[in-house]
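**Q** I'd like to ask some things about the structure below.
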Amino acid sequence: MKGALTSKKSGDSSASKELEPERSTEALADENSPRVIALLNQKGGVGKTTSTANLGAAFALAGLRTLVVDLDPQSNLSLHFGHEPAPDQPTVRDLFMNPDIAASELIREARSNLWFIPSDTELALVEGELALQPNMQHILAERLAPVMPSFDVVLLDCPPSLGVLTVNALTIADEVVVPTQAQYLALRGLEKLLETVLLVQRALNSRLKVAGVLLCMHESQSSHGKAVVEEMDSYFAKFRGSGLPWQDAVVLRPAVRRNIKLAEAPSFGQTIFDYAPTCAGAADYRALAEAIRQRWKPVESRVALSASAGISAS
Ligand SMILES: Nc1ncnc2c1ncn2[C@@H]1O[C@H](COP(=O)(O)OP(=O)(O)OP(=O)(O)O)[C@@H](O)[C@H]1O
Ligand SMILES: [Mg+2]
Numbered sequence: 126m127k128g129a130l131t132s133k134k135s136g137d138s139s140a141s142k143e144l145e146p147e148r149s150t151e152a153l154a155d156e157n158s159p160r161v162i163a164l165l166n167q168k169g170g171v172g173k174t175t176s177t178a179n180l181g182a183a184f185a186l187a188g189l190r191t192l193v194v195d196l197d198p199q200s201n202l203s204l205h206f207g208h209e210p211a212p213d214q215p216t217v218r219d220l221f222m223n224p225d226i227a228a229s230e231l232i233r234e235a236r237s238n239l240w241f242i243p244s245d246t247e248l249a250l251v252e253g254e255l256a257l258q259p260n261m262q263h264i265l266a267e268r269l270a271p272v273m274p275s276f277d278v279v280l281l282d283c284p285p286s287l288g289v290l291t292v293n294a295l296t297i298a299d300e301v302v303v304p305t306q307a308q309y310l311a312l313r314g315l316e317k318l319l320e321t322v323l324l325v326q327r328a329l330n331s332r333l334k335v336a337g338v339l340l341c342m343h344e345s346q347s348s349h350g351k352a353v354v355e356e357m358d359s360y361f362a363k364f365r366g367s368g369l370p371w372q373d374a375v376v377l378r379p380a381v382r383r384n385i386k387l388a389e390a391p392s393f394g395q396t397i398f399d400y401a402p403t404c405a406g407a408a409d410y411r412a413l414a415e416a417i418r419q420r421w422k423p424v425e426s427r428v429a430l431s432a433s434a435g436i437s438a439s
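For what it's worth, my numbering labels the leading residue of the sequence shown as 126, then goes sequentially.
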């Protein structure tokens, strides 16, 4: 079965036009490649998927052509868009394992300006299979390269691990956003995550930077939370000018407050902007998307994605 875009392309609808590169040029580093953001934290349940779906929706509403990619075998991202997995549908697993299926056949339209690539539970098997392939870190970059010029922003929802799927995401990303809670142990996990980012940045992707941490389910009144946020602020401040990929990282503001509507929306197959557009969760993700966008600067020495797909470890 062909994916939504392909079937629309082969039919007479306007979908083929929709995938033509008619992107906004504002805030973009390279007119041939989108801004690629990996939402990553090896800890589970911190808000990665909720943030990917709702930041993606916020970027789309702001007029940016946005692709979100579900790299997690739990496949939760699709739920936010009302997508029910079907056994015969190609998924992100085909990107890794099935070179006969083009990336464009996997892309589904979720909303105006918003597309996604679904995952499936069998993606869990890919980790082991990929480990045997020589070029394993670059597969995502190579396979997505043909569709990248169609988008302004690509968001990658990573699984809660630092395995080969996550490394593929980091190999293609411009920046990492780390959804987390303001808890003491989160700082410890952050150091491990930054180590992985540094390894990938040195060996595979010199563009990679850490934008910062995104506080999810935030309780601003908690004194422990306030103390941890201060500690995170001063932690990042220590690295200014260090040359490390997190030298410009910050605690992104605003924090996303704990808001039950954000937990309810996916059970209705909706983003927060469909489900409760005036709630605090919608306001937070809208403001956060704008804040992230304001921070975008031209990426130094950026190479076109098709070229970066050929970078080898050094
Ligand atoms: N701001 C929020 N307020 C209330 N609930 C939230 C908020 N953000 C996320 N949640 C809920 O917390 C749970 C975990 O969120 P989410 O699935 O986004 O985390 P995750 O990091 O992607 O998890 P995993 O590591 O398992 O992929 C979900 O039930 C989600 O609905
Ligand atoms: Mg998730």
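For each residue, glycine too, the CB sits at the ideal point set by N, CA and C.
L377 and A416 look like a contact to me (Cβ under 8 Å); what is the Cβ gap, rounded to whole Å?
**A** 6 Å
**Q** Considering only residues of the region 255 to 322, which uninterrupted alpha helix (DSSP H) runs meet the minimum length of 4 residues and lie entirely inside it, listed in chain order?
**A** 264 to 269, 289 to 297
**Q** Residue ranges of each alpha helix (DSSP H) run of no fewer than 4 residues wholly in the region 379 to 409, ordered along the chain?
**A** 385 to 389, 397 to 400
**Q** Report the option in I232, S176, R233, D299 whose CA atom is closest to the CA atom of H343.
**A** S176
**Q** How do the region 293 to 302 and the region 158 to 165 stand: do at least 3 beta-carbon pairs fall below 8 Å, yes or no?
**A** Put simply, the region 293 to 302 touches the region 158 to 165. At least three CB pairs are less than 8 Å apart.
**Q** In chain order, what residues of the same chain lie with their CB nearer than 7 Å to the CB of Y410, ignoring the 5 residues before and after it?
**A** N179, L180, A183, V381, I397
**Q** Three or more beta-carbon pairs under 8 Å between the region 308 to 323 and the region 268 to 276, yes or no?
**A** no
**Q** Taking the Cβ atom as the reference point for each residue, do L333 and V322 lie within a distance shorter than 9 Å?
**A** Contact flag set, yes.
**Q** Taking buried to mean at least 16 other C-beta atoms within 10 Å of its own C-beta, is A235 buried or exposed?
**A** buried
**Q** By the three-class DSSP mapping on this structure, what secondary structure does D358 have?
**A** helix
**Q** If contacts are defined as beta-carbon pairs under 8 Å, then A256 and V289 qualify, I think. What distance do you get, rounded to the angstrom?
**A** 6 Å
**Q** I'd like to check one pair, L192 with L280: are the Cβ atoms closer than 9 Å?
**A** yes
**Q** Pick out the complete alpha helix (DSSP H) segments inside the region 198 to 263, 4 residues or longer, and give them in chain order.
**A** 217 to 222, 248 to 255
**Q** Considering Cα atoms alone, identify which of S237, R420, A211 is closest to L231.
**A** A211
**Q** D219: buried (16+ other C-beta within 10 angstroms of its C-beta) or exposed?
**A** buried
**Q** If you run the structure through DSSP and keep just helix, strand and coil, what is A374?
**A** coil
**Q** Would you identify the three-state DSSP class for A178, choosing helix, strand or coil?
**A** It is helical.
**Q** From N238 to A185, what distance separates their C-alpha atoms?
**A** 5 Å
**Q** Applying the criterion that 16 or more other CB atoms from any shown protein chain within 10 Å of the CB defines a buried residue, is T305 buried or exposed?
**A** buried
**Q** In the DSSP output, which residue or residues are listed as bridge partners for I162?
**A** In DSSP, I162 forms a bridge with L280, E300.
**Q** Using 10 angstroms around the beta-carbon of I264, count the other beta-carbons present and answer buried if the total reaches 16, otherwise exposed.
**A** buried
**Q** Considering only the beta carbon of each residue, do S203 and S244 sit closer than 9 Å?
**A** Using a Cβ distance threshold of 9 Å, S203 and S244 count as a contacting pair.
**Q** Does the Cβ of R313 have 16 or more other Cβ atoms within 10 Å, making it buried, or fewer, making it exposed?
**A** exposed
**Q** Identify which residue in P402, D399, V325 has its Cα closest to the Cα of P370.
**A** V325
**Q** Within this structure, are the beta carbons of A228 and R268 separated by less than 9 Å?
**A** yes
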